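Numbering (full-length UniProt numbering), first residue to last: 1 to 154.
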């Protein structure tokens, strides 16, 4: 069975994030897209495809960010999806796990809204922010970032 078009868009978006590829990032979003986050980050929410792309480029450059997708669920009756991810911050030696809710534009199929939810508050005293006592390894989750040849070139 072929992967759903919304899942393919999400995978393309994460590849673009890991590659810090501005044009590829922007191509995943409607021009007026919004990315919402929990409290604690400056200048949120991020509004417009341009802003989202530039912020993720900054994260790759300054934090050594890489992301892995752990799970994707796509709605069978609406233009929505939810994913579980890990944000690896290589230069800080930390990681954060969480979920995102995606809303897609019905006509274009592009992402028009993302709502991010963190597995836990970003605790600066732990190296990987994740659920306490959850068996990440046993459930097949990534325990380190993937190596991306394009990401290394950035």
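By construction, the Cβ of each residue, glycine as well, lies at the ideal position given by its N, Cα and C atoms.
Given the structure is predicted, the values throughout are model-derived calculations rather than measurements.
For residue 14, the enclosing alpha helix (DSSP H) starts and ends at 5-19. A distance below 9 angstroms separates the beta carbons of residue 67 and residue 18. The Cβ atoms of residue 104 and residue 110 lie closer than 9 angstroms to each other. By alpha-carbon distance to residue 85, the top candidate from 108, 26, 60, 118 is 118.
Short of 7 angstroms from the beta carbon of residue 16, and not among the five residues preceding or following it, lie these beta carbons of its own chain, in chain order: 24, 25, 28. Its Cα nearest to that of residue 88, the residue 56 stands out among 108, 56, 2, 4. Counting every other CB atom within 10 Å of its CB across the protein chains shown gives residue 35 a total of 16 or more, marking it as buried. Closest in alpha carbon position to residue 142, among 116, 59, 71, 81, is 71. Secondary structure note for residue 54: its alpha helix (DSSP H) is the uninterrupted segment 49-63.
Between residue 92 and residue 63, the gap from beta carbon to beta carbon is short of 9 angstroms. The alpha carbon of residue 78 has as its nearest neighbour, out of 140, 101, 43, the alpha carbon of 101. Distances from the alpha-carbon of residue 31 to those of 37, 20, 53 put 53 closest.
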